[in-house]
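Written below as structure tokens is the structure these notes are about.
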Amino acid sequence: MSESGGTFDLVILGAGSGGYAAAIRASELGMSVALIEKDKLGGTCLHYGCIPTKALLHAGEVADTVRESEKFGVRAAFDSIDMAGVHKYKDKVVGGLHRGLTGLIKSHGITVVEGEGRLTAVDEVTVNGAVYKGANIVLATGSQARSIPGLELDGERIISSYEALRLDRIPKSAIILGGGVIGVEFASAWRSFGAEVTIVEGLPHLLPAEEESSSKLLERAFRKRGIKFELANPFESVKTTETGVSMTLANGKTVEGELLLVAVGRGPVSQGLGFEEVGIRMERGFVQVNENLHTGVGNIYAVGDLIPTLQLAHVGFAEGIFVAEYIAGLNPVNIDYDGVPRVTYSEPEVASVGITSKTAAERGIETTEFVYNLAGNGRSQILQTQGAVKVVAAKDGPVLGVHMVGSRVGELITEGQLIYNWEALPAEVAQLIHPHPTQSEALGEAHLALAGKPLHVHD
Amino acid sequence: MSESGGTFDLVILGAGSGGYAAAIRASELGMSVALIEKDKLGGTCLHYGCIPTKALLHAGEVADTVRESEKFGVRAAFDSIDMAGVHKYKDKVVGGLHRGLTGLIKSHGITVVEGEGRLTAVDEVTVNGAVYKGANIVLATGSQARSIPGLELDGERIISSYEALRLDRIPKSAIILGGGVIGVEFASAWRSFGAEVTIVEGLPHLLPAEEESSSKLLERAFRKRGIKFELANPFESVKTTETGVSMTLANGKTVEGELLLVAVGRGPVSQGLGFEEVGIRMERGFVQVNENLHTGVGNIYAVGDLIPTLQLAHVGFAEGIFVAEYIAGLNPVNIDYDGVPRVTYSEPEVASVGITSKTAAERGIETTEFVYNLAGNGRSQILQTQGAVKVVAAKDGPVLGVHMVGSRVGELITEGQLIYNWEALPAEVAQLIHPHPTQSEALGEAHLALAGKPLHVHD
Amino acid sequence: APPRPASPGRGTGTRTVVLAKPPVRKLAKDLGVDLRAVAPSGPDGIVTREDVRRHAEQSLPRTPAEPR
Ligand SMILES: Cc1cc2nc3c(=O)[nH]c(=O)nc-3n(C[C@H](O)[C@H](O)[C@H](O)COP(=O)(O)OP(=O)(O)OC[C@H]3O[C@@H](n4cnc5c(N)ncnc54)[C@H](O)[C@@H]3O)c2cc1C
Ligand SMILES: Cc1cc2nc3c(=O)[nH]c(=O)nc-3n(C[C@H](O)[C@H](O)[C@H](O)COP(=O)(O)OP(=O)(O)OC[C@H]3O[C@@H](n4cnc5c(N)ncnc54)[C@H](O)[C@@H]3O)c2cc1C
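Chains as they are written, first to last, in the working numbering: chain A, -6 to 452; chain B, -6 to 452; chain C, 31 to 98.
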């Protein structure tokens, strides 16, 4: 730690996924690094995002497994969710990873500065009066939950994911505004915990950025799980009542709930931090950068949720690493954002990499596609999960997109990541027969079929 | 079906993984195919192997999840294993896949012949007196459990996996002779069901074919689960007692159990089938083939467990497809057996592809290695699993082997399969940042470290 | 482009020259083509599948009848 300022090769503002990855890589490359953080090392992802949500979702999976154990021949009685126990488990996981990260940062000799920083010149950040000069600066202040006009969060009845992760009870009923990743994940977890859930989404599908067939499979699965949703039916107004919240939708319908989770997106943390004053270009609060993540001002770069790229932790990692290597003169390869895998950790999971068939059409690419239903996949039958793997390939060309739905498919998407990024042809994947019986075989089967040699394909 | 014989482009003896894959691919390539099977379409894997064992293992996972639910904040009471219910679930999965396969074979126009076939000439197989002439013949009669001299299976107290899969009760205690894949999987399932299990293995490690560090991690995990094992301590003699079985080991120690599962390997089904009579070369019962799976006699090929390659269902698939394409003149690429993924579906799972560091050393290859402990992997912490990912690469060269231990890692090995078979360099994998938080990140981290740019690596 | 400070780092160690994306390298291997002998036509001097195939056509095609 340091409270007296100093001069560094690199000064990083914000120690979330983007900031700390840049710090680690830069220190490996021999730079002196100051990492400024006002809250906790690890940022949103570790403390209020990726990790705690996945712990809740896993506790939900455990609860579902118990409830359905009979169908696997295991006699058991589900009693209840012990919310204090869930938090204890969740906090233990977060705590362990936080300790690990803290040690890691320390072992790299990175100077951690606690406090709120502000860009006070093109090469300096000031924290509590102490000035940190940087030959290079990386802005990585991340994002925060945002709302929409006319919808005030009160932290009690109308909350964001931040409060939702801390809730000491299971809501009897919840309205979730927004059918994106965060909304869908909370819907899944809360439903597993026994809540009545209604998702309200203005667009025609849940996870509207995903391949449409994936959204439809998720909707079907959610319907079976008793998760309700209102699609293509925007929110109009909301009022708190004696017992909770009442929401009116554009078509006049009203939805009631004990509470309302607003999950309509996250906006950049960029106000009042001195960015504009040094001439950094901003749009809707996002810092604008070129393909090398440079802001166009001095040696100032920006990474993570602060810039208008995909808001994902591993995008933060990739951008942080890229910037450190770029500054070090290593000439790293620019990130292909289409090639970044996306996973929604609901039950069932939804995962994808590459582009959708719609995007391919918009780009004028002729494609062939194959959908492999998990009904034909032995391991998925053993897990009793439904879903599908869809592979989109350029006609007589490489694989352009992989889109999956089903329990545990999030772990399969990295194979798609290699296939997409290495521009493999379906036939090249088809030649490598996948291990039996795994869920990954579904991906193999889809490629076999696209290569004109289907194996376990039922019409 | 056909009972009158006939002439075909291809006659296949045995409809297991190898035989039926050859049949499907050959029919796709326009050949007329007769597929001869004395038992059930799908063979060992579907009915007595891969699928039913994995169903038992999943039921075991469900039981373990229930027992440990408290630690995730889920209050539940484990009651008992309902073995009839487990079988019902298992048989439903097998039945569904069997129906699917039967429909698949039918829809391909393959002639299925029910009955025991015998090679009666270099181009014909006879079934119940009916003669099936084939321009090409594929032998795919598979394998069966074998024992060792002095150890007679009685099907009651001393059994093979065949009877073990049908057992209508959970043994209070079981001895498992053989610490290979099948022995380890039964040990895991039975332990999850509550049995006391002792594995007896003559070699120094469980799963002796795996990377030694993987075996050690499995042994540690098994020890924690209360699974006992005797290593480097060969079996000497066995006798059945009033209450079960008593086994004496080479060092004099005795082990007792309600029953003994013999899992010392599987031998080819090749006796009395007319193979030798037409001049096919056999060794220890295995049919000998060249790298194109040709027996050296006429147009007779052999695939699957009948030949001395890896006894795995997906090897059967790959060999069946290869032979069909080879016969059709497609010039397929020879199978690289090192590049076939191996998965043991115990808790924890063990998975690998490529070669071990020992094999690399034997081949005189200089290597670099990295072991990533799952303690640093968020998703693994969420699942509360322990284990590691080890990557072996040629010095300044491509990845040669990937070896993993941990819950659910079997699904991650296909990424390793692409990396190994496409001879990727660690740096090429390292460039593709894996989705967070997934277990697959552990594989990414190992490659980042090997590429000289570790991210979440704790010493 | 922004001014780049000289690298203060110790570098990442050896960087092996990559001639083609992994699947293309595998294709070359399967066809018995030495990548170093192939004229690259891709961006950054990378060998494409077409380069490999074109090169392979010059050598003898294998047939199933021939021993390999
Ligand atoms: C509920 C939820 C679930 C999510 N799940 C996933 C998931 O499963 N997978 C995934 O890939 N992504 C997920 N995300 C997104 C992921 O958390 C973000 O993409 C990631 O955290 C972005 O990293 P970052 O470094 O840009 O910003 P952040 O992680 O937000 O870090 C920014 C840091 O900067 C600090 N900071 C801000 N201003 C200042 C200042 N002036 N001075 C000092 N410090 C400052 C903040 O305190 C913070 O620690 C999730 C997000 C949420 C909210
Ligand atoms: C308990 C167990 C678990 C296993 N788990 C896995 C696993 O998880 N993953 C994996 O990859 N592999 C696994 N295996 C191995 C896998 O089952 C075999 O590798 C695979 O079945 C081999 O296929 P095959 O076609 O060569 O032979 P088989 O599947 O044995 O098929 C041969 C077929 O030929 C028939 N046949 C034999 N002789 C004649 C004749 N004279 N006339 C007519 N028909 C005949 C038989 O009835 C049989 O149906 C497991 C095996 C066992 C025993």
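Virtual Cβ for every residue (Gly too), placed ideally from N, Cα, C.
Exercise. Would you call Lys388/A buried or exposed, if buried means 16 or more other Cβ atoms sit within 10 Å of its Cβ?
Worked result: exposed
For this session: Quick one: grab the DSSP three-state call for Glu223/B.
Result: strand
Problem set entry | Gly291/A (DSSP reduced to helix, strand or coil) | coil
Exercise. Counting contacts by CB-CB distance shorter than 8 Å, is Glu55/C in contact with chain B?
Worked result: Note on residue identity: the sequence assigns Arg, not Glu, to residue 55/C. Yes, Arg55/C lies at the interface with chain B (some Cβ there is under 8 Å from its Cβ).
Exercise. Rounded to a whole number of angstroms, what is the C-alpha to C-alpha distance between Arg84/C and Val422/A?
Worked result: 22 Å
Problem set entry | DSSP beta-bridge partners of Ile192/B | Ile169/B, Phe222/B
Problem set entry | For Ile192/B, the nearest candidate out of Ile103/B, Val280/B, Thr361/B, Ala167/B (CA to CA) | Ala167/B
Problem set entry | Closer than 7 Å: Arg259/B CB and nearest ligand 2 heavy atom | yes
Exercise. Given that a residue counts as buried once 16 or more other Cβ atoms are within 10 Å of its Cβ, and exposed if not, what is Asn244/A?
Worked result: exposed
Exercise. What number of angstroms, rounded off, separates the C-alpha of Arg456/A from the C-alpha of Thr134/A?
Worked result: Since the first residue of chain A shown is -6 and the last is 452, residue 456/A is not available in this structure.
Exercise. Any heavy atom of ligand 2 closer than 7 Å to the CB of Cys38/B?
Worked result: yes
Exercise. Which chain F residues are close to Asp60/C, counting only those with a beta carbon under 7 Å from its beta carbon?
Worked result: Looking for chain F here will not work: the only protein chains present are A, B and C.
Problem set entry | chain B residues whose Cβ lies nearer than 7 Å to that of Pro52/C | Trp415, Glu416, Ala417, Glu421
Problem set entry | Residue environment, Tyr330/B, which counts as buried when at least 16 other CB atoms sit within 10 Å | exposed
Problem set entry | Range covered by the alpha helix (DSSP H) that runs through Pro447/A | From DSSP, Pro447/A is part of no alpha helix (DSSP H); its letter is neither H nor E.
Exercise. Assuming Val385/A and Glu362/A make a contact with CB atoms under 8 Å, what is their CB distance in whole Å?
Worked result: 5 Å
For this session: Could you check the C-alpha separation between Leu326/A and Pro334/B for me, to the nearest Å?
Result: Leu is not the amino acid found at residue 326/A; the sequence shown has Val there. Their Cα atoms are separated by approximately 31 Å.
Exercise. Just the Cα atoms here: how many angstroms apart are Phe222/A and Gly195/A?
Worked result: 11 Å
Exercise. Is it true that the CB of Leu266/A sits closer than 8 Å to the CB of Leu112/A?
Worked result: yes
Problem set entry | Candidates Ala256/A, Glu117/A, Ile175/A, of which the one nearest Ile141/A by Cα | Ala256/A
Problem set entry | Whole-Å CB distance - Ala214/B paired with Gln379/B, under 8 Å assumed | 7 Å
Exercise. Cα-Cα, which of Val124/A, Arg401/A, His429/A, Ala138/A is closest to Leu50/A?
Worked result: Arg401/A
Exercise. Is Glu235/B near ligand 1, in the sense that its beta carbon is under 7 Å from a heavy atom of that ligand?
Worked result: no
Exercise. What separation, rounded to the nearest whole angstrom, lies between the Cα atoms of Gly371/B and Lys99/A?
Worked result: 19 Å
Exercise. For Phe363/A, which beta-bridge partners are listed by DSSP?
Worked result: Val384/A
For this session: Check whether the segment 69 to 78 of chain C touches the segment 431 to 438 of chain B, taking contact to mean three or more Cβ pairs, one atom from each stretch, closer than 8 Å.
Result: no
For this session: Whole angstroms is fine: what's the gap from Ala444/A's alpha carbon to Asn324/B's?
Result: 15 Å
Exercise. Just to confirm, are Ala225/A and Val106/A a CB contact at a threshold of 8 Å?
Worked result: no
Problem set entry | DSSP-derived helix/strand/coil call for Ser20/B | helix
Exercise. Under the criterion of a Cβ to heavy atom distance below 7 Å, does Leu252/B qualify as lining ligand 2?
Worked result: no
Exercise. If Ile406/B and Val336/B are in contact, beta carbons under 8 Å, what's the gap, nearest whole angstrom?
Worked result: 6 Å
Exercise. Around the C-beta of Thr93/C, are 16 or more other C-beta atoms found within 10 angstroms, so that it is buried, or is it exposed?
Worked result: Note on Thr93/C: pLDDT 48, under 50, position unreliable in the model; no value is reported.
Exercise. Taking the Cβ atom as the reference point for each residue, do Gly9/B and Gly53/B lie within a distance shorter than 8 Å?
Worked result: no
Exercise. Does DSSP put Ile152/A in a helix, a strand or coil?
Worked result: strand
Problem set entry | With 16 other Cβ atoms within 10 Å as the buried cut-off, status of Ala182/A | buried
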